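>
There are 2 protein chains.
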Amino acid sequence: MLTPMTSLFTDDLTTSVEDYLKAIYSITRQGHPASTSEIARLLDLSPPSVSGMVKRLSQQGLLEYQPYKGVELTARGRRAALTVLRRHRIIESYLVERLGYSWDSVHQEAERLEHAVSDMLIERMAGALGNPEFDPHGDPIPAPDGTMVQPSSTPLPDIDVGQEAALRRVSSHDAEQLKFIASVGLKPGTIFTVVARQPFHGPTTIRLGDTERVIGHELGFLLQCEVHSEEQ
Amino acid sequence: MLTPMTSLFTDDLTTSVEDYLKAIYSITRQGHPASTSEIARLLDLSPPSVSGMVKRLSQQGLLEYQPYKGVELTARGRRAALTVLRRHRIIESYLVERLGYSWDSVHQEAERLEHAVSDMLIERMAGALGNPEFDPHGDPIPAPDGTMVQPSSTPLPDIDVGQEAALRRVSSHDAEQLKFIASVGLKPGTIFTVVARQPFHGPTTIRLGDTERVIGHELGFLLQCEVHSEEQ
DNA sequence: CAAGCGATTTCGTTTACACTAATAATGGAA
DNA sequence: TTCCATTATTAGTGTAAACGAAATCGCTTG
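Sequences listed follow chains H and F, in order. Taken in order, the first sequence gives residues 1 to 232; the numbers are from this note's numbering. Taken in order, the second sequence gives residues 1001 to 1232; the numbers are from this note's numbering.
#1: Rounded to whole angstroms, what is the Cα-Cα separation between Arg1168/F and Asp1160/F?
#2: Determine the DSSP secondary structure at Gln1224/F, reduced to helix, strand or coil.
#3: Do you know how far the Cα of Leu1208/F is from the Cα of Gly1189/F?
#4: Measuring only the C-alpha atoms, how far is Ala1080/F from Thr1074/F?
#5: Can you tell me whether Gly1031/F sits near the ligand FMN, meaning its C-beta is under 6 Å from at least one heavy atom of the ligand?
#6: Can you tell me where the beta strand (DSSP E) holding Val71/H begins and where it ends?
#7: Express the C-alpha separation of Ile1206/F and Glu1212/F in angstroms, rounding to a whole number.
#8: Using a Cβ cut-off of 8 Å, which residues of the region 1109-1138 of chain F contact any Cβ in chain H, in chain order?
#9: Rounded to whole angstroms, what is the Cα-Cα separation between Gln1177/F and Leu1219/F?
#10: Output yes or no for whether 7 Å exceeds the beta carbon distance between Ile141/H and Arg86/H.
#11: Take every Cβ of the region 49-57 of chain H, pair it with every Cβ of the region 93-106 of chain H, and state whether three or more of those distances are shorter than 8 Å.
#12: Taking all protein chains shown into account, do 16 or more other C-beta atoms lie within 10 angstroms of the C-beta of His1115/F, making it buried, or fewer, making it exposed?
#13: If distances are taken between C-alpha atoms only, which option among Cys225/H, Gly138/H and Thr83/H comes closest to Glu245/H?
#14: What whole-angstrom Cβ distance do Pro1203/F and Val1194/F have, given they're in contact under 8 Å?
#15: Which stretch, first to last residue, makes up the beta strand (DSSP E) that contains Phe192/H?
#16: Using 10 angstroms around the beta-carbon of Glu133/H, count the other beta-carbons present and answer buried if the total reaches 16, otherwise exposed.
#17: Counting only Cβ-Cβ distances shorter than 7 Å, please list the residues of the region 93-105 of chain H near chain F, keeping chain order.
#18: Quick check on Phe1200/F: buried or exposed, where buried means 16 or more other Cβ atoms within 10 Å of its Cβ?
#19: Between which two residues does the alpha helix (DSSP H) carrying Val1054/F extend?
#20: What first and last residue would you give for the beta strand (DSSP E) that runs through Glu1164/F?
#21: Rounded to whole angstroms, what is the Cα-Cα separation between Lys22/H and Gly1077/F?
#22: In chain order, what are the residue ranges of uninterrupted alpha helix (DSSP H) at least 4 long that sit wholly in the region 64-143 of chain H?
#23: Pick out whichever of His173/H, Phe221/H, Leu222/H and Val184/H has its Cα sitting closest to the Cα of Asp210/H.
#24: Can you round the beta-carbon distance between His173/H and His107/H to whole angstroms, since I take them to be within the 8 Å contact cut?
#25: By Cβ distance below 6 Å, which residues in the same chain neighbour Arg197/H in space, the five residues on each side in sequence not counted?
#26: Assuming the contact rule is C-beta atoms closer than 8 Å, Gln1224/F and Ser1153/F should be a hit. Round their C-beta distance to whole Å, please.
#27: Buried or exposed: which applies to Pro48/H, given that a residue is buried once 16 or more other Cβ atoms fall within 10 Å of its Cβ?
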């Protein structure tokens, strides 16, 4: 489906283009340039499709690319990606806050709406919510000007036994994973104590109120937490 | 997946297809089949484009078409069109009611969102508003099952001088026209009295509270009203 | 009843974006 | 340093949807 949209700052990009920019943004956030195959995996496309698109986008000045070397966003590309990310996160916040969506189920809906909303609608939703800084997954919402701070956080498996911590954000979009996490009583803001951990990448046991939960290593890595400092 | 985003009855149509169906629905509502050129004019496309699309859609069983004779919707096509219309009108209602849009400016936004929202979101918006029956322009909102009643109404130029009436709906999507209508103090629900009318398709004068307004014939025809009966 | 004109369709292209199959480049192991 | 596996790119196709130019239909009218 070809769906262009309106925006004052970002030129009129197609849904596909916006999805590529988001994907490249999220990959390059990890430090290294985005490879064709990583992008393909993330967007569930074939590598040749990505190769072709990446060439077009670099011609449009949205990204820096030389064959066989991976891609990075230009300033313009990054601004566009952050605009889409802002739309996505505002939409998620609004749907949870005002329309009764659960925080683990909003992603799909936002994924489609982010390409169709106007900047005006986004700003009205943001205003209605009091300009939130974090979305329901705990991810920071970029400002309208494309500024975003990523608060530092510690993945659960790196927190020492005995520590108290708060879940800050959940780094997954997988509905099943999110549903499971929600079902054990965890959501951004939840406070817990690390009770035990098995060695060799084994599971971590946490206490939530008066119940204890065991969280595997893989899942634990998605749980980005803020450790409550021990000393003053 | 057990519950996809799209309803069980409507298959997943592209934005263009949904726009064609809406256009054809609105033209054929007037009684006659929709001609290629009417559709082209309404959607701002060239007649050849419409010809091609219309052939594809009739192959898909969404409309009845024989060359040079115009098109009509099949039952399936009509159901799809009404689904989109419901989405559009619920979205307009929600934006006006909950996000501060003015009734004369929501159309564009709804026009893009109607192709991106899930049925779940529509039903949540409808629920939040208490399942409204009319949108901000006074148009009836089709029920989820595709039922819609079109209350009868009289265009302003057909109302006799001396009669009192209420504006029911405004049959235009043109932003300038709507802005003008809103600016003279008219919106769905407004009650007024017909004070005078010039002959030969001349303007009608109405009284709104204690001010009088003159409305041209062309514009008047967009104002669908409910005449307050004279006798018991 | 033939002619002409507007409405409609056919034809050939274009753009955007996806795919598969075939080819080429890169970097590490032998 | 050569060779191979991985990864990426090119080449060729397909589909959806638009366009303009040219051919054609069918109604009105002289």
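Just so it is clear, CB atoms sit at the ideal spot from N, CA and C, and this is done for glycine as well. Note that this is a predicted model, so its numbers are computed, not measured.
Quick look at the numbers:
#1: Reading the second sequence from its first residue, position 168 is the one you call residue 1168/F. Reading the second sequence from its first residue, position 160 is the one you call residue 1160/F. So the alpha carbons of these two residues sit roughly 17 Å apart.
#2: Position 224 of the second sequence, counting from 1, holds the residue named residue 1224/F. The answer is strand: DSSP assigns Gln1224/F an E or B state.
#3: Start at 1 with the first residue of the second sequence, and residue 1189/F comes out as number 189. Start at 1 with the first residue of the second sequence, and residue 1208/F comes out as number 208. About 12 Å.
#4: Here the question's residue 1080/F lines up with position 80 in the second sequence. Here the question's residue 1074/F lines up with position 74 in the second sequence. As the crow flies, the alpha-carbon of Ala1080/F is around 10 Å from that of Thr1074/F.
#5: For the structure depicted, the ligand FMN is absent and the ligand set is empty, with no information on it obtainable.
#6: In the first sequence, the residue the question calls residue 71/H occupies position 71. First-last of the beta strand (DSSP E) with Val71/H: Val71 to Leu73.
#7: Here residue 1212/F is taken as the residue at index 212 of the second sequence, counted from 1. Here residue 1206/F is taken as the residue at index 206 of the second sequence, counted from 1. Each residue's alpha carbon lies about 6 Å from the other.
#8: Those residues of the region 1109-1138 of chain F that come within reach of chain H (Cβ to Cβ, closer than 8 Å) are Glu1109, Arg1112, Leu1113, His1115, Ala1116, Val1117, Ser1118, Met1120, Leu1121, Arg1124, Met1125 and Ala1128.
#9: In the second sequence, residue 1177/F corresponds to position 177, counting from 1. In the second sequence, residue 1219/F corresponds to position 219, counting from 1. When rounded, the distance between both Cα atoms is 8 Å.
#10: Here residue 141/H refers to the residue found at position 141 when the first sequence is read from its first residue. Here residue 86/H refers to the residue found at position 86 when the first sequence is read from its first residue. Yes, these two residues count as a Cβ contact at 7 Å.
#11: no
#12: Numbered from its first residue, the second sequence carries residue 1115/F at position 115. Its Cβ being crowded by 16 or more others within 10 Å, His1115/F is buried.
#13: The structure shown does not extend to residue 245/H, since chain H is modelled only from 1 to 232, so the question has no answer here.
#14: Within the second sequence, residue 1203/F is the residue found at index 203, counting from 1. Within the second sequence, residue 1194/F is the residue found at index 194, counting from 1. Taking a contact as a CB-CB distance under 8 Å, the pair Pro1203/F and Val1194/F does not count as one, their CB atoms being some 11 Å apart.
#15: As a first step, residue 192/H is located in the first sequence; it is residue number 192 there, counting from the start. Where Phe192/H is concerned, the enclosing beta strand (DSSP E) stretches over Ile191 to Arg197.
#16: Taking the first sequence and counting its residues from 1, the one referred to as residue 133/H is at position 133. Glu133/H comes out exposed.
#17: Cβ proximity to chain F below 7 Å picks out Leu99 and Gly100 from the region 93-105 of chain H.
#18: Taking the first residue of the second sequence as position 1, residue 1200/F is located at position 200. Exposed: under 16 other Cβ atoms inside 10 Å.
#19: Here residue 1054/F refers to the residue found at position 54 of the second sequence. Its alpha helix (DSSP H) spans residues Pro1047 to Gln1059.
#20: For the purposes of this step, residue 1164/F is taken as the residue at position 164 of the second sequence. Unbroken beta strand (DSSP E) run through Glu1164/F: Glu1164 to Val1170.
#21: Locating residue 22/H in the first sequence gives position 22, counting from the first residue. Locating residue 1077/F in the second sequence gives position 77, counting from the first residue. Going by the C-alpha atoms only, they are around 35 Å apart.
#22: 75-99, 107-113 and 119-128
#23: In the first sequence, residue 210/H corresponds to position 210, counting from 1. Residue Val184/H is the option with its Cα nearest to Asp210/H.
#24: By one-based count along the first sequence, residue 173/H stands at place 173. By one-based count along the first sequence, residue 107/H stands at place 107. At roughly 5 Å, the Cβ-Cβ gap stays under 8 Å, so His173/H and His107/H are in contact.
#25: The residue labelled residue 197/H in the question sits at position 197 within the first sequence. Around Arg197/H: Val161 and Thr204.
#26: Against the second sequence, residue 1224/F aligns to sequence position 224. Against the second sequence, residue 1153/F aligns to sequence position 153. Confirmed, Cβ separation roughly 4 Å.
#27: The residue labelled residue 48/H in the question sits at position 48 within the first sequence. That one is exposed.
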